[in-house]
């Protein structure tokens with residue numbers, strides 16, 4: 001067993017070497033559809049003298065429009081509706097302007113944090129429902145949005161997606177996320193962050209999780225559902241026999257993965273230290 005001491009310094013710097021998953025180049029038909037969406041979006045942007053215009057302008061990138069088109073299976077009318085819906089949501093919700101001070105209480109226990117990057121350069125967002133410290137409500141959903149926005153800011157070149165590790169250790173039926181919060185989380189993810197999830201791994205899933213997953217599965221689109229995998233730390237051989245079971249070392253180098261999950265990173269969350277470094281890296 002390693003005797004290496006833990007560190008409170010999170011790894012928020014992308015590795016020097018990674019293998020980004022690049023989307024396929026557009027064919028001629030897709031290029032025409034992209035141009036139509038681009039023209040449409042330009043027509044519905046805020047006026048340039050609006051205080052939020054610079055943030056909206058920065059969000060509407062070529063990669064952003066392509067994500068909405070891929071999520072809409074290149075149906076232009078659907079892509080227009082979806083991106084208009086998100087633009088209206090961002091103007092009201094201002095997800096890229098959530099103040100860190102607003103989220104201090106939600107993150108006292110380290111129930112959610114970014115630490116490390118996978119082999120494709122995707123930031124790793126760790127969710128620990130067992131460390132829940134607040135009541136279900138809008139603030140919990142806002143906290144998820146806060147972390148998604150931070151993850152996006154940490155993405156290195158050519159990386160557009162996030163890897164999520166959901167660790168159910170110390171979770172009970174009492175402190176597990178409710179169905180309502182889970183549905184809202186999936187709605188926000190699917191509606192306003194399409195094509196942003198690269199991989200989600202469920203670790204230490206308790207017995208009651210499978211009932212919960214069947215219920216929430218009705219609200220998850222098939223493409224997102226395919227990205228949800230399961231990890232058994234005690235029986236890693238399961239990954240060889242079952243299609244949705246994986247081993248984390250397949251996707252994450254040991255240097256980027258916490259010891260609790262089979263890696264070599266001895267990270268321990270301490271809010272003050274973490275917050276200072278997060279602010280430095282993402283503001």
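In the UniProt record's numbering, the protein residues as written are 1 to 283. Positions of the beta carbon are idealized from the N, C-alpha and C atoms, including for glycine.
Could you check the C-alpha separation between residue i and residue j for me, to the nearest Å?
i	j	result
residue 69	residue 245	30 angstroms
residue 44	residue 161	26 angstroms
residue 190	residue 196	9 angstroms
residue 150	residue 59	14 angstroms
residue 19	residue 29	28 angstroms
residue 277	residue 32	43 angstroms
residue 272	residue 39	45 angstroms
residue 78	residue 53	24 angstroms
residue 136	residue 174	12 angstroms
residue 169	residue 16	31 angstroms
residue 75	residue 263	42 angstroms
residue 207	residue 171	11 angstroms
residue 62	residue 80	14 angstroms
residue 247	residue 48	49 angstroms
residue 130	residue 111	7 angstroms
residue 254	residue 279	26 angstroms
residue 268	residue 42	45 angstroms
residue 143	residue 251	26 angstroms
residue 89	residue 83	10 angstroms
residue 228	residue 266	26 angstroms
residue 100	residue 132	18 angstroms
residue 270	residue 24	41 angstroms
residue 6	residue 73	45 angstroms
residue 215	residue 226	16 angstroms
residue 139	residue 98	11 angstroms
residue 1	residue 235	Only weak support exists for where residue 1 lies, its pLDDT of 40 falling under 50; the value from the coordinates is given anyway. Near 19 angstroms, if we compare the C-alpha coordinates of residue 235 and residue 1.
residue 3	residue 256	For residue 3, the pLDDT reaches just 46, beneath the cut-off of 50, and the residue's location in the model is therefore unreliable, although a value from the coordinates is still provided. If you take the alpha carbons of residue 3 and residue 256, they lie about 18 angstroms apart.
residue 113	residue 107	8 angstroms
residue 211	residue 283	40 angstroms
At what residues does the beta strand (DSSP E) containing residue i begin and finish?
i	result
residue 61	Here residue 61 belongs to no beta strand (DSSP E), and DSSP marks it neither H nor E.
residue 217	That residue, residue 217, is in no beta strand (DSSP E); its alpha helix (DSSP H) goes 209-217.
residue 116	112-117
residue 124	123-127
residue 26	No beta strand (DSSP E) holds residue 26; DSSP gives it neither H nor E.
residue 202	197-203
Is residue i close to chain D, meaning its C-beta is less than 9 angstroms from at least one C-beta of that chain?
i	result
residue 127	The structure shown contains no chain D, having only a single protein chain.
Could you please give the first and the last residue of the uninterrupted alpha helix (DSSP H) stretch that includes residue i?
i	result
residue 164	It is not in any alpha helix (DSSP H) - residue 164 instead sits in the beta strand (DSSP E) that spans 162-167.
residue 148	138-154
residue 273	271-282
residue 229	Segment 228-231 is the beta strand (DSSP E) holding residue 229; no alpha helix (DSSP H) there.
Which residue's Cα is closest to the Cα of residue i: the options?
i	options	result
residue 194	119, 147, 67 and 61	67
residue 157	171, 5 and 14	14
residue 51	99, 87 and 91	91
residue 126	10, 207 and 63	10
residue 205	233, 192 and 222	233
residue 102	61, 265, 75 and 147	147
residue 224	41, 37, 71 and 12	71
residue 128	180, 73, 109 and 100	109
residue 213	107, 237, 87 and 180	180
residue 118	192, 283, 98 and 258	258
residue 217	184, 237 and 235	184
residue 94	6, 192 and 132	192
residue 222	113, 237, 139 and 186	186
residue 124	73, 138, 237 and 154	154
Is the CB-CB distance between residue i and residue j below 9 angstroms?
i	j	result
residue 120	residue 198	yes
residue 182	residue 209	no
residue 56	residue 46	yes
residue 200	residue 152	no
residue 249	residue 203	no
residue 274	residue 8	yes
residue 34	residue 22	no
residue 231	residue 188	no
residue 145	residue 122	no
residue 105	residue 86	no
residue 281	residue 12	yes
Q: Please specify which runs of the alpha helix (DSSP H), each continuous and at least 4 residues long, are wholly inside the region 28-102, giving them in chain order.
A: Within the region 28-102, the complete alpha helix (DSSP H) segments at least 4 residues long are 28-44, 53-59, 62-71 and 76-93, listed from N- to C-terminus.
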